[in-house]
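Heads up: the sequence lines are chains A, B, C, D, E and F, in that order.
Going by the numbering used here, the first sequence opens with residue 623, and the numbers climb by one from there.
Going by the numbering used here, the second sequence opens with residue 623, and the numbers climb by one from there.
Going by the numbering used here, the third sequence opens with residue 623, and the numbers climb by one from there.
Going by the numbering used here, the fourth sequence opens with residue 199, and the numbers climb by one from there.
Going by the numbering used here, the fifth sequence opens with residue 199, and the numbers climb by one from there.
Going by the numbering used here, the sixth sequence opens with residue 199, and the numbers climb by one from there.
The beta carbon of each residue, even a glycine, is placed where N, CA and C say it ideally should be.
Source: prediction; values computed, not measured.
Beneath this line is the structure, given in structure tokens, with notes to follow.
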Amino acid sequence: MSEENVIAEIKRDYINNLIKRGKRIDGRKPDEIRDISITPNIIETAEGSTRVKLGGTELIAGIKIALGEPYPDSKDKGVMITTAELIPLASPDFESGPPRPRAIELARVVDRGIRESGAIDLKALKVPGSDKVFVVFIDIYPVDMDGNLFDAATIAVISALMNTRVPAAELTAGSETQMQDFQLPIKYYPISITGVKIGDTMVLDPTQEEEDIAGARLTVTTDVDGNIRAMQKGRIGRLSVEDIDYMVECSIEKGKEIRKLLMAEEKPSVPSQYPVL
Amino acid sequence: MSEENVIAEIKRDYINNLIKRGKRIDGRKPDEIRDISITPNIIETAEGSTRVKLGGTELIAGIKIALGEPYPDSKDKGVMITTAELIPLASPDFESGPPRPRAIELARVVDRGIRESGAIDLKALKVPGSDKVFVVFIDIYPVDMDGNLFDAATIAVISALMNTRVPAAELTAGSETQMQDFQLPIKYYPISITGVKIGDTMVLDPTQEEEDIAGARLTVTTDVDGNIRAMQKGRIGRLSVEDIDYMVECSIEKGKEIRKLLMAEEKPSVPSQYPVL
Amino acid sequence: MSEENVIAEIKRDYINNLIKRGKRIDGRKPDEIRDISITPNIIETAEGSTRVKLGGTELIAGIKIALGEPYPDSKDKGVMITTAELIPLASPDFESGPPRPRAIELARVVDRGIRESGAIDLKALKVPGSDKVFVVFIDIYPVDMDGNLFDAATIAVISALMNTRVPAAELTAGSETQMQDFQLPIKYYPISITGVKIGDTMVLDPTQEEEDIAGARLTVTTDVDGNIRAMQKGRIGRLSVEDIDYMVECSIEKGKEIRKLLMAEEKPSVPSQYPVL
Amino acid sequence: MNKEVKLLREDGLRLDGRRYDELRPIKIEAGVLNRADGSAYLEWGSNKVLAAIYGPRELHPRHMQNSMKAIVRCKYSMASFSVPDRKRPGPDRRSTEISKVIGEALESVIFTEQFPRTVVDVFIEVFQADAGTRVAGLTAASVALADAGVPMKALITACAAGKVEDTVVLDLGKLEDNAGQADLPMAIIPTTGEIVLMQMDGHLTPAEFRKARDMAVNACYQIYEMQKDALKRRYAAE
Amino acid sequence: MNKEVKLLREDGLRLDGRRYDELRPIKIEAGVLNRADGSAYLEWGSNKVLAAIYGPRELHPRHMQNSMKAIVRCKYSMASFSVPDRKRPGPDRRSTEISKVIGEALESVIFTEQFPRTVVDVFIEVFQADAGTRVAGLTAASVALADAGVPMKALITACAAGKVEDTVVLDLGKLEDNAGQADLPMAIIPTTGEIVLMQMDGHLTPAEFRKARDMAVNACYQIYEMQKDALKRRYAAE
Amino acid sequence: MNKEVKLLREDGLRLDGRRYDELRPIKIEAGVLNRADGSAYLEWGSNKVLAAIYGPRELHPRHMQNSMKAIVRCKYSMASFSVPDRKRPGPDRRSTEISKVIGEALESVIFTEQFPRTVVDVFIEVFQADAGTRVAGLTAASVALADAGVPMKALITACAAGKVEDTVVLDLGKLEDNAGQADLPMAIIPTTGEIVLMQMDGHLTPAEFRKARDMAVNACYQIYEMQKDALKRRYAAE
């Protein structure tokens with residue numbers, strides 16, 4: 623066994639032993655999530671944007687709006703496309719190149735939460751008197767990866783959508799149906815909560831160190847009514863029925879707290895390491 | 623020399639010595655082809671399909687029909703596009719990823735046999751009163767690779783084309799030229815026969831083990847009139863003029879037998895290892 | 623240190639010492655460029671073409687013209703697209719595959735020289751009475767790489783553009799605005815001069831051996847009026863302000879000589895190793 | 199979701215005549231391919247799926263090897279003619295995600311520490327697609343792994359439940375999937391009841407979720423018997 | 199170039215109120231990321247750029263290693279929402295060229311011989327783009343390299359000058375860049391005055407070129423102070 | 199195939215004045231490139247083709263090496279301006295197949311066992327294309343291999359025959375190829391008469407096939423003399 627592996631082994635045992643006693647390396651309880659800082663409107667070139675810090679994890683979501691074609695089977699609805707780029711700037715574990723499974727899973731799980739909860743009123747994105755619709759491009763860029771991208775991304779995306787202005791005037795300029803700019807219509811506010819299994823314990827909002835040694839991961843996205851909109855089990859490992867029921871509960875409960883943060887006019891903000899972005 | 627190479631060497635000698643005496647490892651004579659089982663209409667989502675078993679080699683061809691644009695230099699003709707995917711499910715020698723030379727050669731040789739023999743009446747695939755034509759997508763999927771994909775693919779494709787129904791009613795629905803569904807018009811029935819050179823002998827319909835040690839490969843596609851429609855020499859190695867003349871003869875002769883199988887109302891069928899597909 | 627590295631080291635020292643004494647391995651002075659042979663009209667399938675030999679470096683530029691769409695922000699102008707393929711035929715240092723940074727840099731630096739000097743009168747490439755414009759495809763193929771592709775490419779491209787005939791009759795046949803063929807309108811004749819720093823000396827028009835041991839590279843493209851149209855510093859290394867001023871001077875001066883070659887009705891030609899291409 | 203499609207008939211049965219908790223017909227056959235180290239063919243309703251295993255085998259290039267355990271690679275893909283509109287060959291985002299979650303589910307039961315530096319390749323090819331290809335593929339792949347003799351803690355078994363017209367039902371068919379309100383594909387280890395794959399999208403109350411989950415888990419036990427049966431027939435044939 | 203845009207006001211100042219030789223506001227902060235070995239955030243006018251360093255670290259696959267020195271890899275890229283029309287993710291020809299010249303500029307001051315067989319990865323991400331992203335990115339990357347403790351001969355500093363309405367001006371903004379007559383991005387080693395990056399396109403007489411060059415070089419010295427300041431604040435914070 | 203084009207004139211000659219069994223003009227020159235280990239330039243009618251050889255040289259990455267023999271890699275490609283409509287750079291399916299069959303033909307005569315673990319790279323670039331680029335490319339590549347000193351059993355030589363207006367003719371030109379009824383490109387080892395490349399598409403009776411084949415083989419002997427001549431001139435020049 624290499625020296626590197628020995629150190630990893632020791633750390634694994636240490637974290638495991640802590641968690642057996644209901645403790646975590648950063649002092650949190652297993653069901654405690656890290657401080658969340660939400661900074662909307664940070665990118666002027668985007669139609670909507672938000673930076674989220676979730677403990678040491680930092681992530682930017684940006685929204686761009688364009689004119690485009692609807693899907694053939696829903697011609698009266700706008701289109702929403704979600705992409706995540708795991709840029710290697712954010713972590714030594716991310717590599718350059720075309721999107722890999724991990725980035726695709728992240729984008730698709732966030733997308734399902736937004737889409738299945740009907741967060742965006744896509745029917746309001748049809749251009750009247752035209753075959754065109756507005757296309758909402760949601761782009762997710764982790765910039766500092768310390769675990770739990772799923773939840774950070776969902777919060778950032780919902781917040782960015784909430785502050786998105788559809789530049790309809792410019793996009794429909796010169797056409798027969800000149801429109802006014804309008805606020806992107808958001809109907810629901812899904813929030814995801816993710817936990818990983820370490821030993822026999824479900825640990826919420828894991829850090830990178832915790833993810834490194836964790837077994838199964840479960841993400842549960844719930845809506846304002848406490849209903850489930852999306853779930854995703856990931857990573858190698860097994861969950862019990864009880865683990866899952868517990869995560870559903872946590873998602874409903876913690877979702878309420880996070881939704882409050884999102885709605886607050888004054889966003890809470892942990893001290894920012896750098897001033898504006 | 624590694625142990626693996628030693629075993630390969632021993633097998634090579636064994637097969638070579640057998641063939642010198644006019645025998646093959648599976649008991650066939652050099653000019654004997656394996657049992658053929660043709661099972662048409664196995665895929666309901668395809669417009670046409672056939673599974674072929676050629677000894678231990680198994681392969682599925684599927685046909686899809688779509689509306690599309692004709693080629694600029696033949697605006698009155700339908701379009702035919704042939705693709706082969708050497709999915710790694712079928713052989714340890716196949717790799718994931720974009721089509722490699724071997725898959726491209728397979729698709730193009732099968733395509734030439736079909737195309738050059740005028741097997742499909744492409745003129746019947748123009749949509750009357752429209753710029754559009756029907757596009758015939760031929761897709762070839764080996765699922766178990768025990769040698770001689772070329773011949774298995776040609777048989778499967780011809781059979782699948784024979785049982786292809788053009789869904790013209792659905793594809794032209796709502797246009798000015800509403801059509802009825804019709805059977806894909808097949809005019810000719812090209813059959814390819816492939817042999818490889820082992821030592822001084824041309825060996826027909828080689829197994830994987832035989833391909834592993836063979837020199838040159840020659841595929842000859844002939845039509846119902848005994849004329850040649852396509853040829854392809856492949857692999858590293860040399861052929862004599864006599865080898866080639868012999869393969870032309872074999873193709874004409876064996877082609878007749880296989881064409882009979884194709885035309886038989888009751889398809890012969892070797893016992894299927896699994897029931898339906 | 624491997625044997626290969628030792629030999630490289632010895633050669634490096636040798637070239638360095640020569641240059642300290644104002645000499646070069648092929649007998650040139652540091653500010654001397656190699657013999658240039660310009661052979662236009664070598665490819666009949668191209669609308670314009672030129673082969674350039676610059677010492678041991680040989681390169682072909684070809685021009686194709688097609689109909690296409692203008693850029694949205696300059697609807698009254700033709701389009702010019704420059705591509706370089708560093709085909710592995712030309713050098714053991716070139717690899718197969720999609721364009722790599724080096725090929726992209728070459729194409730973009732040549733493109734900027736042509737584009738920024740307004741060499742092609744793009745306004746003359748609008749098809750009257752149509753939304754279409756003529757697209758000028760410039761393709762650069764080094765075939766033998768002995769250093770300084772930038773300058774060889776710029777000369778070859780300018781020469782090829784000078785002998786390009788726009789096949790307007792064929793391209794507009796059948797449309798409402800039938801045009802006559804015409805000569806591609808060339809307004810300016812930018813020439814680039816490239817030098818590399820070896821030790822403390824700027825060495826013009828480096829060979830491959832010189833590039834192998836050189837530090838910074840600077841390319842300066844100047845026009846007929848002695849003004850600067852494009853510059854590109856490349857490679858790892860540093861330049862002084864004096865180095866840069868010197869290269870600007872060289873570009874203006876040598877540019878004049880090369881422009882004379884381009885304009886000469888009888889092109890000078892070093893003995894060609896092979897007759898026609 | 200199109201509300202105009204009626205998915206439940208007046209007699210309370212589903213469009214295809216099934217009860218709310220009834221599976222579509224399933225057939226499994228193990229060991230159907232010659233070249234693969236293990237294989238299985240599975241039909242589930244109108245789904246037709248092949249799974250093949252290669253390995254444990256040496257992994258190249260070497261710097262991809264893990265010195266502590268085997269790598270499990272899973273590739274789920276759909277034949278171009280498996281769906282109504284021809285699918286372009288090559289992986290898309292959907293199949294990439296499905297490959298990932300199926301591979302992780304399978305690796306959860308493989309004793310990968312027993313053969314470090316190697317790779318176990320799992321290939322799943324869908325030749326005809328109805329709804330539920332991922333649970334069909336995973337169920338087949340699990341049998342194929344057993345057929346290949348890859349050391350596993352247990353077989354795993356997959357099934358989906360969902361919601362149509364406000365009713366929780368088992369194993370959605372294509373029409374139900376397209377017009378339904380929720381889909382919950384799952385995979386469990388029948389011998390322990392643990393969950394190794396779970397995805398959901400749509401709208402479920404916590405009570406509906408528990409109902410759907412229990413329905414899918416119960417169905418897994420039925421399918422597990424078919425998996426074991428296929429393997430017994432396979433061993434008997436040898 | 200559109201001649202109808204007026205870039206200089208009647209009072210001789212530029213559209214955004216700057217003098218001809220005035221920089222846009224610049225903010226630099228070092229050490230802003232947890233995971234990277236070194237990092238810097240930089241705002242320059244409306245440009246918002248992050249740079250991160252990973253390495254020196256082992257390079258895989260091994261046949262890419264250089265036994266005599268470290269490899270420096272630079273990847274400059276723009277977030278999809280950093281420009282008015284959404285940019286498709288993935289490298290394009292422009293960003294490939296910029297990555298190349300920035301990487302070469304940086305490698306000109308790194309002591310690569312000190313850590314053979316390794317790679318130093320430089321990642322530059324533009325989140326909001328105004329004109330001048332390459333000089334912004336390079337200036338940030340240089341600070342990030344220092345923050346990472348990568349041994350360097352010196353910091354490098356970048357700035358552009360250009361020409362608008364026949365006037366040589368410093369640090370072109372977006373409107374000026376689009377409608378301007380020349381752009382000259384440069385990077386220098388402030389401690390020696392040597393040039394490590396220089397690109398130009400447009401139309402400059404030799405005299406205009408020298409004027410623009412000197413203007414850019416002088417501005418680099420101002421920016422150099424901000425770089426050192428950012429690093430001092432960073433060390434002070436530790 | 200367009201039946202309205204007349205390919206044979208009233209005097210029995212072909213559109214370009216050739217007899218039915220007459221080759222187009224061919225020029226071959228060996229050793230035309232400095233950097234390549236071997237090279238040849240060939241004109242054949244209006245085809246203009248360069249071939250270059252690199253190797254035997256070390257193959258990376260190492261796990262691609264064959265410990266028993268050299269790998270032969272062949273890349274045939276067409277310059278973007280070599281055809282009437284600009285060709286997009288990069289390999290297409292046609293050139294991939296041609297690369298494969300040419301590479302296999304060449305490897306049939308190379309003593310690859312003499313230099314295991316290496317690679318011999320064969321690059322063929324078509325700068326101007328008339329019909330018959332693959333036989334032109336293969337004929338050039340064979341000369342280039344000899345020029346490179348790669349140990350070979352023999353030179354190989356390629357030529358095509360075909361059928362136009364029910365007549366078997368040698369070496370189809372572009373018009374004949376487009377409107378013809380069959381094309382039969384072949385390559386032989388002139389010293390033994392063995393065939394190393396053969397492809398056919400169209401419609402030939404067995405008798406026509408034999409006639410076309412013999413015509414192509416006979417022409418190969420003529421071309422073989424030109425190949426040897428080019429190599430002699432090359433050696434004389436040294």
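- Under a 10 Å Cβ-count criterion, residue 647/C is classified as exposed, with fewer than 16 other Cβ atoms of the shown protein chains found around its own Cβ.
- According to DSSP, residue 240/F shares a beta bridge with 226/F and 247/F.
- Per DSSP, residue 796/B lies in no beta strand (DSSP E) and is assigned neither H nor E.
- In the pairwise beta carbon analysis, the stretch 790-809 of chain B is classified as not touching the stretch 627-638 of chain B: fewer than three pairs are separated by under 8 Å.
- When Cβ-Cβ separations below 7 Å define contact, residue 857/C makes contact with chain E.
- With its beta carbon less than 7 Å from one in chain B, residue 397/F belongs to the interface.
- Straight-line spacing of the CA atoms in residue 774/C and residue 659/C works out to 10 Å.
- Closer than 7 Å to the CB of residue 383/D there is not a single CB belonging to chain F.
- Residue environment analysis places residue 754/A among the buried positions, since at least 16 neighbouring C-beta atoms fall within 10 angstroms of its C-beta.
- Burial state of residue 763/A is buried, judged by a 10 Å Cβ sphere holding 16 or more other Cβ atoms.
- For residue 289/D, no chain E residue has a Cβ inside 7 Å of its Cβ, as the nearest lies near 16 Å away.
- In chain order, 259 make up the part of chain E whose C-beta sits under 8 Å from the C-beta of residue 259/D.
- Only residues of its own chain outside the window of five on either side were considered, and among them 336, 354, 385, 394 and 395 have a CB closer than 7 Å to the CB of residue 303/F, listed in chain order.
- Taking 7 Å as the threshold, the shortest C-beta distance from residue 767/C to chain F falls below it.
- Contact annotation: the stretch 342-362 of chain D does not touch the stretch 815-833 of chain A, with fewer than three C-beta pairs closer than 8 Å.
- Here DSSP, grouped into helix, strand and coil, assigns residue 767/B to coil.
- At least one beta carbon of chain C lies nearer than 7 Å to the beta carbon of residue 232/F.
- The count of Cβ pairs closer than 8 Å, one atom from the stretch 247-256 of chain F and one from the stretch 318-327 of chain F, reaches three, so the stretches are in contact.
- In the structure shown, residue 853/C adopts extended strand secondary structure according to DSSP, grouped into three states.
- Residue 836/A: not part of any alpha helix (DSSP H); DSSP gives it neither H nor E.
- Below the 9 Å Cβ cutoff, chain F contributes no neighbours of residue 827/C, its closest Cβ being approximately 16 Å away.
- Look at residue 402/D: its C-beta is under 7 Å from a C-beta on chain A.
- Inclusion of residue 278/F and residue 761/C in the CB contact set at 7 Å is warranted, their separation being smaller than that value.
- Each of 711/A, 721/A, 717/A and 710/A was checked against the Cα of residue 286/E, and the nearest Cα belongs to 721/A.
- Taking the Cα of residue 399/F as reference, the smallest distance to any Cα among 886/B, 667/B, 854/B and 778/B is reached at 854/B.
- Here residue 841/A is actually not in contact with residue 851/A; their C-beta atoms are around 11 Å apart, not less than 8 Å.
- Annotation note: the stretch 331-399 of chain F contains the following uninterrupted beta strand (DSSP E) runs of length 3 or greater, listed N- to C-terminal: 355-362, 365-368 and 380-387.
- When C-beta atoms of the stretch 657-671 of chain C are compared with those of the stretch 830-837 of chain C, fewer than three pairs fall below 8 Å, so the two segments do not count as touching.
- Each residue's CA atom was taken as its position, placing residue 767/A and residue 718/A some 15 Å apart.
- Secondary structure at residue 685/B: strand, using DSSP grouped into helix, strand and coil.
- Across the set 860/C, 769/C and 712/C, the C-alpha of 769/C shows the shortest separation from the C-alpha of residue 677/C.
- Excluding residues up to 5 positions away in sequence, 388 lie with their Cβ nearer than 7 Å to the Cβ of residue 419/E in the same chain.
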